[in-house]
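J.: One structure, as structure tokens, below. Some questions next.
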Amino acid sequence: MKKIFSLLLLSIILISCVGNDKFVLKSSIGKINKVMVVTKASNWTGDIGTEIRNSFGELMVGLPQPEPVLSVSQVAPNGFSSMMKAARNIMIVTEGETENFSVKYNVYAQPQTIVYVQAKDDASLVKLLKEKEKEIIDIFIASDIKFTQNIFKKTALDVTKFKTLNNLGVSFIIPDSYNLVDDTGDFLWLRKHLLSGIAKTGSCNILVYSIPLNDESKIQENIVAVRDSIGKKHIPGTDAETMHMITEEAYTPFTFDAVIDGKKAYETRGKWEVKNDFMAGPFLNYSVIDKKNNRLIVVEGFTYAPSVNKRAFVFELEAIAKSMKVK
Numbered sequence: 001m002k003k004i005f006s007l008l009l010l011s012i013i014l015i016s017c018v019g020n021d022k023f024v025l026k027s028s029i030g031k032i033n034k035v036m037v038v039t040k041a042s043n044w045t046g047d048i049g050t051e052i053r054n055s056f057g058e059l060m061v062g063l064p065q066p067e068p069v070l071s072v073s074q075v076a077p078n079g080f081s082s083m084m085k086a087a088r089n090i091m092i093v094t095e096g097e098t099e100n101f102s103v104k105y106n107v108y109a110q111p112q113t114i115v116y117v118q119a120k121d122d123a124s125l126v127k128l129l130k131e132k133e134k135e136i137i138d139i140f141i142a143s144d145i146k147f148t149q150n151i152f153k154k155t156a157l158d159v160t161k162f163k164t165l166n167n168l169g170v171s172f173i174i175p176d177s178y179n180l181v182d183d184t185g186d187f188l189w190l191r192k193h194l195l196s197g198i199a200k201t202g203s204c205n206i207l208v209y210s211i212p213l214n215d216e217s218k219i220q221e222n223i224v225a226v227r228d229s230i231g232k233k234h235i236p237g238t239d240a241e242t243m244h245m246i247t248e249e250a251y252t253p254f255t256f257d258a259v260i261d262g263k264k265a266y267e268t269r270g271k272w273e274v275k276n277d278f279m280a281g282p283f284l285n286y287s288v289i290d291k292k293n294n295r296l297i298v299v300e301g302f303t304y305a306p307s308v309n310k311r312a313f314v315f316e317l318e319a320i321a322k323s324m325k326v327k
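In full-length UniProt numbering, the protein residues as written are 1 to 327.
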């Protein structure tokens, strides 16, 4: 009887462990926008490492200082210890008889994303890495977006208190470090002051508004004109009569296709400045096509953080924008 009871207890424990990953996997570690590459030192110092550093080291569009899309570090397979296996973003590059590209989640820790790349020799690995470059970057960025949004959920604002969002029928996951600047019912402006370091006089900002969907074929070419009109109306400088936010005239923004809440959208990255003043910084704009309601929903993030790197601030704004849900 005692033996049966022990076996029953052991079975319950095992079922509990298998049924809930929290009992099995430790919490992952690692900075946002950072990937650890597991590969031989000879690979890292050769063509394979050069290809990885070049692809991950591509500069993020729209930033005033050069900053890579993703930061990368390397560890040899024999150094891939238990502590290293807790990294949140990992890419494992190996030689093997068969070509393989795959993604697994929560293997050694959670949340965790591991990309596996395998080919028979150096040339084949470089070729495969080139072919999958954009997909690999998108996988890790999407992983970090989801991770960041889950962090924000822990201290999220009650967005139902903003009349503009209620009128537009949209919601976002926004941390409570953001404070209200303006909420007209048609236009929302939230701001987070940066509290530490040399950037403590700066801020991160979120704008939300909508415009009628008149001609879908002209959305992309009108994005700058629309944001400049909003800047003139709603984002004044220190002298409201002569100063307001505009798109920086010396830098042409880049626009890409995107999807927000399952809807076609345009992602525009560029630089803003204040007309007749010296304030400037990067912006990230999403123009989301809401055909059901015959409108464009625009969510924009912009940051003012003089003299410091801004990738992390823009990424935070991206995570907030991509959390948008349309009712």
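Yeah, the Cβ is synthetic: ideal placement off N, Cα and C, and Gly gets one too.
Between I219 and Y266, how many whole angstroms is the CB-CB distance? I'm expecting something under 8 angstroms.
T.: Indeed they touch by this definition, with Cβ atoms about 6 angstroms apart.
J.: Alpha carbon to alpha carbon, what distance is there between A305 and E241?
T.: The alpha-carbon atoms of E241 and A305 are separated by roughly 24 angstroms.
J.: Within 10 Å of its beta-carbon, does N33 have 16 or more other beta-carbons around it, so buried, or fewer, so exposed?
T.: It counts as buried.
J.: So, with DSSP's three-state summary, where would you put M324?
T.: Reduced to three states, the DSSP call for M324 is coil.
J.: Roughly how many whole angstroms lie between the Cα atoms of E316 and T148?
T.: Their backbone Cα atoms lie some 7 angstroms apart in a straight line.
J.: Going by beta carbon distance, what residues of the same chain come within less than 7 angstroms of N309, once the five residues before and after it are set aside?
T.: So the qualifying residues of the chain are Q65 and E67.
J.: So if DSSP puts residue 352 in a beta bridge, which residue, or which two residues, is it bridged to?
T.: No answer is possible for residue 352: it lies beyond the span of the chain, which begins at 1 and ends at 327.
J.: State the CB to CB distance for the pair N89 and G30, rounded to an integer number of angstroms; the pair is presumed to be in contact (CB under 8 angstroms).
T.: Yes, they are in contact, since the Cβ atoms of N89 and G30 sit about 6 angstroms apart, within 8 angstroms.
J.: For K275 and H234, I'd like the C-alpha separation in whole angstroms.
T.: Cα to Cα, K275 sits roughly 13 angstroms from H234.
J.: How long is the line joining the alpha carbons of D21 and I92, rounded to whole angstroms?
T.: Per-residue confidence for D21 stands at a pLDDT of 45, beneath the threshold of 50, marking its modelled position as unreliable; no derived number is given.
J.: Which residues in the same chain have their Cβ closer than 7 angstroms to the Cβ of V115, if we skip the five residues on either side of it in sequence?
T.: Answer for V115: M91, V103, I136 and I139, listed in chain order.
J.: From the DSSP output, read off the bridge partner residues of E273.
T.: Its beta-bridge partners are I246 and A280.
J.: Tell me whether F254 is buried or exposed, calling it buried when 16 or more other Cβ atoms sit within 10 Å of its Cβ.
T.: Burial call: exposed.
J.: Buried or exposed for A321, going by 16 or more other Cβ atoms inside 10 Å?
T.: Buried is the call here.
J.: With C-beta atoms as the reference, is I289 less than 8 angstroms away from K264?
T.: Yes, these two residues count as a Cβ contact at 8 angstroms.
J.: Could you check the C-alpha separation between G202 and L195 for me, to the nearest Å?
T.: Their backbone Cα atoms lie some 8 angstroms apart in a straight line.
J.: With a threshold of 8 angstroms on Cβ separation, who are the neighbours of N294 within its own chain once the five nearest residues in sequence on each side are excluded?
T.: For N294, where only same-chain residues beyond five positions count, the Cβ hits under 8 angstroms are P212 and L213.
J.: Give me whichever residues DSSP pairs with H193 in a beta bridge.
T.: The partner list for H193 (beta bridge, DSSP) reads S203.
J.: Would V326 pass as a contact of G169 if the rule is Cβ separation under 8 angstroms?
T.: Contact: yes.
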